[in-house]
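Numbering (the working numbering), first residue to last: -1 to 1090.
C-beta atoms are modelled at their ideal positions from N, C-alpha and C, and glycine is treated no differently.
Values in this document were obtained by computation on a predicted structure and should not be read as measured data.
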């Protein structure tokens, strides 16, 4: 971090409780989240930062096993070291502790060590980048390494870090080659199975190519010779006979092994088949030469080291010394000390690709490629493993040689012009030099910049970084002559600054609305603004981020998705306006585990572990993670709470102590046995289960957590007073009935509960459906009605979610007869959008002149308008009660009938039909029920009555069934079966409101609430079998089925098939098209396949 500066002169500091901590002391630190125990770390150094308050300390972390190994450890004193550090304030330190490597604790004293307070130990290290656990080995136990490497390790580090199971190879006695008397690494040496002596594979005569395979042993020549002589000196002894048998069996096994390696084919088998090798000067070596035995070094009484005696390099006592370490790198003090893994870099994994030469890199013909491939395959089959690579390499080399034809064509080949290629990124061609320091002194540069800032021809403020960059660039172009650079700057105008873009007030509002909904995701901002490029969006964002608008706008997103986000300016304001609190309150703020002291006087607490009623400080239960909790039912005393924070384990309490403490008033939250007796086991299980529940809640990241967040936010909002004044209902446009009038706490939308379909009885904290979707997204972020396609700038819109996860106005869904509601009581989700009559979709709204959306027609003049446009232009929207009789013959269905006197004493009985009238029409003689009319008895809105009776879906239908119904739905009025000429796929006229309402009832048979009547549908109803059949309009083509029907420019009603459309693109002459069609038809008749 650039703001953190090391303070080497500070070696110790005193905490608030009077405890002094030094560098390399192990300390407790306050956890970041509630429900977590103290963090444990080592102080590496003290630091200062101008951005942070107080003294800082760099902490090297120790983790608990359950945090990194995903398993619980029965030992609360066991830790896992890391090589990860962070900067933390000294004020977060909660005390000192002792952390020791397990090696420095005697085995007979380990139990006593664990019983000591604030004592921990470790023997492993976790790397968070590789996500692997390593063994930590003290350097004083390392033996089997070269002497210079061992000296470097012991001088610089206290421990080495190795892979698990690899430490035993380093702690044995140093292995020395019997030939060269040098150290033997395990990978480059072999050990005799008989005498346990080590040899370099290269020191053997002949050298050993590779180590024996797993399951096989190696024996030196001297031991093999002694074994043969011993067996031949006493041939009659049973031992020798057994030895011969074993030698015979061993010979067979070795015979098999040598066959696998394909080495013994060229060697005569006159001696026993044992893997032997004659070391140089082996015969002169006496048998009494001593060789260190490969036994593990044991130190019975390891000396415990102090923190000041620990050897470190760059403040770390650890150094990786595993299988991926080069032995020579240990001598380099600047070499990387962190764990590493094998990387696939080098000649073994990467190919050295030469530069492309267009005159030589020629691809061969398929014949030459197949010949080279077959020749390489035939040769590689007869070769061994090494021969395979050689043959393939030679084959591949021959395959790239140009053939004679390639050479002749290369003579006429024009060289490739590299100058036309784009420059290589990152090179000098793509770097622009803006300024080179050191040519002019600071005073000259400052005088030049002051003169530039006084120019009036530049449309940039004097503090703009763009102005400074351009001024320095002109100075570079003018060879650092300030007069030349100033002359160029005085000639610049607004056109010379391409990045300056003007933002309108509407564009800024759209940008800020995107920040409110999506945070810093600028892709949504670009889509929302639409008129600016991504470069303009990014530049404006970083300039806008420094203004006063950033905090109030961005905080609306952070309070939902980042509740703990704190703004620096806000924190400074609060700090300046608030009075400094006392020490107890500051402790509560710094340590959130402490129960607020203001609640101590209101009630008496009892520890849920030891049952005591006396404690100066009470702490939260481990399962309590709500920072805003005000009532605490389960608490721990200070001693039990501190013990859990230190060891993440319940403090053991004796039964007698618990019994003495429990004689007082016992909290109802303490668990009891069936006989009413309180036991330590019950208390321990209670806290343990609470901790397990907390950990499981942290691990789970599913929908339940998001629901809890939404619920929590609603609870928080219920405590905040409503900041919007209630207005008239956005559906019925009436202000009355305050008991049913709900106001959204987020956007201020006011609606009646039965006009908007609100089932909740709690008005406090209520939010509308779009605002609820912003908190817990389940539908589209584009809050635009899919039926009227009016994207109103007003945020307060009575929108409901559709079955396709879009949005629709309540009025639009109610006054388009084909639309229904899955749940009429809540008026959502809106269903059967695909069943909307095609004439409504083709109609043009005569108020907004938009062809988007679905229109309804005025009952008198048949003017087509959007429902929302009609509301904005003061059209009359109402339900007309019409007679249920009809004169047409057709099918019969049951429809619900509104009883007489339902809305008022003079309201008739009949069929409710949604109607729309222009404001100029006289409709006083009609029997209308307005949107603000309510039933006389239950005071239910007319739109809810209509939805419950006429907007129901069929019982038992599933979403899949409803989607299928939309795909196969063909209204009766789409086709004119009396006309045999022009069959139009779409009806040009919006249907009558009554006919549309009756037709909509055929989607599902709906039971009425009170009474039914039977109506005859118009005789135009038809089945799918009688629908007209489309035929391609091209002369000579009789295709009836095609993937796509294409329109003709001359006549939009005529369509052509996909095949004719493709032929039309190929041939301009109609006669050529006919010829092609005839050829296709002839070919189809011969092959028996369709010509399409």
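{"query": "Helix, strand or coil at residue 875 according to DSSP, with G and I counted as helix", "result": "strand"}
{"query": "Cβ pair residue 1053, residue 1043 closer than 7 Å", "result": "yes"}
{"query": "Inter-stretch contact (C-beta, 8 Å, three-pair minimum) for the segment 142 to 150 and the segment 116 to 127", "result": "no"}
{"query": "Member of 599, 655, 857, 937 whose CA lies at the smallest distance from the CA of residue 738", "result": "937"}
{"query": "Contact check, residue 482 vs residue 476, beta carbons under 7 Å", "result": "yes"}
{"query": "Meets three-Cβ-pair contact criterion under 8 Å: the segment -1 to 12 and the segment 27 to 35", "result": "no"}
{"query": "Classification of residue 805 by the beta-carbon crowding that lies within 10 angstroms, buried from 16 upward", "result": "buried"}
{"query": "Rounded separation between residue 564 and residue 551 - CA only", "result": "14 Å"}
{"query": "DSSP three-state assignment for residue 181, whether helix, strand or coil", "result": "strand"}
{"query": "Exposure of residue 3, with buried meaning 16 or more beta-carbon neighbours within 10 Å", "result": "exposed"}
{"query": "Local Cβ density within 10 Å of residue 1092, reported as buried at 16 or more and exposed below that", "result": "Nothing about residue 1092 can be read from this structure; the chain reaches only from -1 to 1090."}
{"query": "Exposure of residue 137, with buried meaning 16 or more beta-carbon neighbours within 10 Å", "result": "buried"}
{"query": "Where residue 648 falls, given that 16 or more other Cβ within 10 Å makes a residue buried", "result": "buried"}
{"query": "Alpha-carbon to alpha-carbon, residue 539 and residue 1031", "result": "56 Å"}
{"query": "Identity of the residue in 858, 816, 877 nearest residue 996 by Cα", "result": "816"}
{"query": "Span of the alpha helix (DSSP H) around residue 639", "result": "636 to 645"}
{"query": "Proximal residues to residue 859 (C-beta, below 8 Å), its chain only, five neighbours per side dropped", "result": "916, 919"}
{"query": "Stretch-stretch touch, CB-based, cutoff 8 Å, three pairs: the segment 86 to 94 with the segment 122 to 141", "result": "no"}
{"query": "DSSP state of residue 203 mapped onto helix, strand, coil", "result": "strand"}
{"query": "Local Cβ density within 10 Å of residue 467, reported as buried at 16 or more and exposed below that", "result": "exposed"}
{"query": "Residue burial classification, residue 189 (beta-carbon count within 10 angstroms, cutoff 16)", "result": "buried"}
{"query": "Cutoff 8 Å; reference residue 740; Cβ partners in own chain excluding five residues on either side", "result": "748, 749, 750, 751, 754, 756, 761, 764"}
{"query": "Residues sharing a beta bridge with residue 44, DSSP", "result": "55"}
{"query": "Euclidean distance between Cα positions of residue 191 and residue 331", "result": "38 Å"}
{"query": "DSSP state of residue 731 mapped onto helix, strand, coil", "result": "coil"}
{"query": "Closest residue to residue 62 among 45, 121, 960, 504 (Cα-Cα distance)", "result": "121"}
{"query": "Reduced DSSP secondary structure (H/G/I, E/B, other) of residue 797", "result": "strand"}
{"query": "Extent of the continuous alpha helix (DSSP H) to which residue 502 belongs", "result": "It is not in any alpha helix (DSSP H) - residue 502 carries neither H nor E in the DSSP assignment."}
{"query": "Backbone CA spacing between residue 217 and residue 197 [nearest angstrom]", "result": "11 Å"}
{"query": "Cβ-based neighbour list, residue 449, same chain, cut-off 7 Å, excluding 5 preceding and 5 following", "result": "484"}
{"query": "Touching by the beta-carbon criterion (3+ pairs, under 8 Å), the segment 920 to 930 and the segment 939 to 954", "result": "yes"}
{"query": "Start-to-end residues for the alpha helix (DSSP H) that takes in residue 947", "result": "940 to 948"}
{"query": "Residue 842 versus 772, 863, 496, 781, residue with shortest Cα-Cα distance", "result": "863"}
{"query": "Supposed contact pair residue 634 and residue 659 - C-beta distance, whole angstroms, cut 8 Å", "result": "Rounded, the Cβ-Cβ distance is 13 Å, inconsistent with contact."}
{"query": "Residue nearest to residue 49 in terms of C-alpha spacing, selected from 1, 35, 6, 73", "result": "1"}
{"query": "Expected contact under 8 Å - CB spacing of residue 879 and residue 925 to nearest Å", "result": "5 Å"}
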